[in-house]
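**Q** Numbering (my numbering), first residue to last: 106 to 242.
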Amino acid sequence: MPPIKKSFRFTDFFEPFKIKTFRKFIISVTFIYLALDLIMALIVYYMSYYINKPGITNYMIGTLVAIQILMIPFYVMISKRKGKGFAFITGAAFWAFIMVAGIILKPGFPVIAFLFLYCLYRLRNGRSDGNGICNLP
Numbered sequence: 106m107p108p109i110k111k112s113f114r115f116t117d118f119f120e121p122f123k124i125k126t127f128r129k130f131i132i133s134v135t136f137i138y139l140a141l142d143l144i145m146a147l148i149v150y151y152m153s154y155y156i157n158k159p160g161i162t163n164y165m166i167g168t169l170v171a172i173q174i175l176m177i178p179f180y181v182m183i184s185k186r187k188g189k190g191f192a193f194i195t196g197a198a199f200w201a202f203i204m205v206a207g208i209i210l211k212p213g214f215p216v217i218a219f220l221f222l223y224c225l226y227r228l229r230n231g232r233s234d235g236n237g238i239c240n241l242p
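See the structure below:
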């Protein structure tokens with residue numbers, strides 16, 4: 106049976122939005138990308154204007170992504186053994202510690218100190234969905 110040719114109507118574009126699951130998916134993807142774009146902008150601003158080391162911005166972003174990917178299995182293991190709430194509380198406590206540690210970093214510190222702090226920052230959250238990564242020091 107040959108396919109039926111149908112002309113495109115502008116209203117066909119809105120057809121998927123009638124499905125509740127699709128709407129939830131589009132909203133979550135939009136906010137995930139918004140969070141990721143915001144974190145990239147914050148890293149560029151922080152490294153370029155506050156720290157005055159714009160050349161290491163790519164290393165910071167690479168550090169964030171690499172550590173995040175490595176920590177996903179760790180947080181999956183914690184959430185399976187102790188529960189999702191415990192994994193979240195552990196990450197939140199670690200986040201608070203890292204935010205306090207971030208206060209001591211000043212523009213004159215060596216690059217390795219920033220890389221180390223960013224490694225620790227990503228240890229607290231192994232998710233790749235953009236949640237909680239907008240709070241850079």
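Note that beta-carbon positions come from the ideal geometry of N, C-alpha and C, so glycine has one too.
Return helix, strand or coil for Gly207, following the three-state DSSP convention.
**A** Residue numbering aside, residue 207 sits at position 102 when the sequence shown is read from its first letter. DSSP places Gly207 in helix when its eight states are reduced to three.
**Q** Distance check for Arg128 and Thr116, CA to CA, integer angstroms please.
**A** Start at 1 with the first residue of the sequence shown, and residue 116 comes out as number 11. Start at 1 with the first residue of the sequence shown, and residue 128 comes out as number 23. Cα-Cα distance, rounded: 16 Å.
**Q** Output the boundary residues of the alpha helix (DSSP H) element that contains Ile148.
**A** On the sequence shown, residue 148 is found 43 positions in, with the first residue counted as 1. Ile148 -> alpha helix (DSSP H) spans Lys125 to Tyr150.
**Q** Please work out which residues of its chain come closer than 6 Å, Cβ to Cβ, to Ala192, disregarding the five sequence neighbours upstream and downstream, and give them in chain order.
**A** As a first step, residue 192 is located in the sequence shown; it is residue number 87 there, counting from the start. Excluding residues within five positions, the ones whose Cβ falls inside 6 Å are Tyr180, Ile183 and Ser184.
**Q** How close, in whole Å, do the beta carbons of Ile148 and Thr162 come, if the pair is a contact with beta carbons under 8 Å?
**A** Position 43 of the sequence shown, counted from the start, is the residue given in the question as residue 148. Position 57 of the sequence shown, counted from the start, is the residue given in the question as residue 162. Thr162 and Ile148 do touch by the CB rule: their CB atoms are close to 6 Å apart, below 8 Å.
**Q** Counting C-beta neighbours from all protein chains within 10 Å, is the total for Gly177 16 or more, i.e. buried, or is it exposed?
**A** Residue mapping note: residue 177 aligns to position 72 of the sequence shown, counting from 1. Before going further, note that residue 177 is Ile rather than Gly in the sequence given. So Ile177 counts as exposed.
**Q** Between the alpha carbons of Asp234 and Ile194, how many angstroms are there, rounded?
**A** What you label residue 234 is simply residue 129 of the sequence shown in a count that begins at 1. What you label residue 194 is simply residue 89 of the sequence shown in a count that begins at 1. Low confidence applies to Asp234: its pLDDT is 40, below 50, so where it sits in the model is not reliable enough to give any reading.
**Q** Check Asn157 in the structure and name its three-state DSSP category.
**A** On the sequence shown, position 52 is the one that residue 157 refers to. Of the three classes helix, strand and coil, the one that applies to Asn157 here is coil, per DSSP.
**Q** At which residues does the alpha helix (DSSP H) containing Pro178 begin and terminate?
**A** For this step, residue 178 is matched to residue 73 along the sequence shown. Counting along the chain, the alpha helix (DSSP H) containing Pro178 begins and ends at Thr162 to Lys187.
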